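Q:
In this note's numbering, the protein residues as written are 139 to 540.
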């Protein structure tokens, strides 16, 4: 098309149409009580302003992982990160550009970054990082090199932070200093001028419960009877609910009541052995609520392997306590073995049905999926779990009707 005044506007509009790219965001923020971390909303606003100057139009709903860490030390899963990867692998990510506010917003693991880069390169997607004010083309070796270096730097910084936190935690434990929220029976004491935590002190309104618990356990009384009597006396936990057997069992194993500060550097995974046996106790700065002799007597009793009667928590029958009797509304239990196993109404024995047949229909297997596995393997699961809170009741009804 020859250039003249008449066709200038048409050429400009065509150029804008050709150069405009579509983009979709991945937004993430870790928990930060200091308030210095940008929220996902602020990230989106910054992304929108910056990408507009680069001819990128943000389309579609963003992937959002709020209050989720991206380091290899994280304990919470990032659901939308997994969905983003799945969409890139399957081709459901149809936009031209993946938009990130910062390199570390996606991940602080180099291996995850490399996988993302390979997916984007393989599907012809570009990456825009707002803090860099730059669009990265994965087909260009320099852009790939820069992203690899940034990913390595982010992981290194994450490792340094983790190391500093572990050292600080170990040092404070050796000094017997308190950490986190005080357990039931104690309250935090703060400096009036600086607002810093000084120590834990006895809370007269709560301390009667742990004192009574240790006294009665020492006398050989059962956890169930103690929980029942505390409920009848009107004692409740900080959530306003009566103390359960499990809550009291956890309370009885807390070294804080004996005046000890616990340090468990290998507690990731929170196994019983890691939390209670493979741990170091230091003399605490706060006063114990129970006598040391009573504390150690109860602790030896609670940690005695012969005393443990609970299972490891793994469900023996997947659907027990999740199904309800259609006659009386009671929960369903399981009995029998093998092909003779059955589900039955635990409340009134209204019904009894074949367990293998029910499991095949509702759960199924990899080769013959039942209702649940077929639903989880379908694309509809993404749509349903991304629905708004207003549509939650409708989703539950749909799932129940499957």
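For every residue, glycine included, the Cβ atom is placed at its ideal position computed from N, Cα and C.
Quick caveat: nothing in here was measured; it's all calculated off a predicted structure.
What does the alpha-carbon distance come out to for the pair residue 423 and residue 270?
A: 47 Å
Q: Which parts of the segment 327-393 are runs of the alpha helix (DSSP H), unbroken and 4 residues or longer, counting only runs that do not cross its ends?
A: 346-356, 361-370 and 383-390
Q: Which same chain residues, not among the five before or five after residue 178, have their C-beta less than 6 Å away from its C-beta?
A: 165, 167, 202 and 204
Q: Curious, which full-length beta strand (DSSP E) runs of at least 3 residues does the segment 181-256 contain?
A: 194-196, 201-204 and 235-238
Q: What's the C-alpha gap between residue 327 and residue 334?
A: Their Cα atoms are separated by approximately 9 Å.
Q: Just to confirm, are residue 162 and residue 520 a CB contact at a threshold of 8 Å?
A: no
Q: Would you list, in sequence order, the uninterrupted alpha helix (DSSP H) runs of no fewer than 4 residues that lie entirely inside the segment 277-321?
A: 279-312
Q: Which residue comes first and which comes last in the alpha helix (DSSP H) that contains residue 83?
A: Residue 83 falls outside the range modelled here, since the chain spans only 139 to 540, and no answer is possible.
Q: Could you give the distance in angstroms between the alpha-carbon of residue 158 and the alpha-carbon of residue 240?
A: 22 Å
Q: What would DSSP say about residue 158, mapped onto helix, strand or coil?
A: coil
Q: How long is the line joining the alpha carbons of residue 173 and residue 180, rounded to whole angstroms?
A: Residue placement at residue 173 cannot be trusted, given a pLDDT of 47 that sits under 50; the coordinates are not used to answer.
Q: Closer than 6 Å by C-beta to residue 523: which residues in its own chain qualify, once you throw out the five before and the five after it? Chain order, please.
A: none
Q: For the ligand NAP, any of its heavy atoms closer than 7 Å to the Cβ of residue 284?
A: No copy of the ligand NAP occurs in the structure displayed, which carries no ligand at all.
Q: So if DSSP puts residue 473 in a beta bridge, which residue, or which two residues, is it bridged to?
A: Assignment of beta-bridge partners to residue 473 by DSSP yields 480.
Q: Taking the alpha carbon of residue 238 as the reference point, which residue from 261, 256, 196 and 432 has its own alpha carbon closest?
A: For residue 238, the closest C-alpha among the options 261, 256, 196 and 432 is that of 196.
Q: How is the alpha helix (DSSP H) around residue 427 delimited, first residue to last?
A: First-last for residue 427: undefined, no H or E at that position.
Q: According to the neighbour-count rule (16 or more other Cβ atoms, all chains shown, within 10 Å of its Cβ), is residue 258 buried or exposed?
A: buried
Q: Quick check on DSSP: helix, strand or coil for residue 457?
A: coil
Q: Just to confirm the assignment, what range does the alpha helix (DSSP H) spanning residue 518 have?
A: 518-523
Q: Grab me the residues of residue 308's own chain with a C-beta within less than 8 Å of its C-beta, minus the 5 sequence neighbours each way, in chain order.
A: 401 and 403
Q: My understanding is that residue 347 touches residue 324, with C-beta atoms under 8 Å, so please give their C-beta distance in whole angstroms.
A: No, residue 347 and residue 324 are not in contact; Cβ-Cβ is about 12 Å, not under 8 Å.
Q: Within 10 Å of its beta-carbon, does residue 541 have 16 or more other beta-carbons around it, so buried, or fewer, so exposed?
A: Residue 541 lies beyond the range of the chain shown here (139 to 540); nothing can be said about it.
Q: One question on the structure: do residue 505 and residue 494 come within less than 8 Å of each other, judged by their Cβ atoms?
A: no
Q: Between residue 389 and residue 233, what straight-line distance do the alpha-carbon atoms span, to the nearest angstrom?
A: C-alpha separation (whole angstroms): 52 Å.
Q: From residue 253 to residue 262, what distance separates their C-alpha atoms?
A: Computed Cα separation, rounded: 14 Å.
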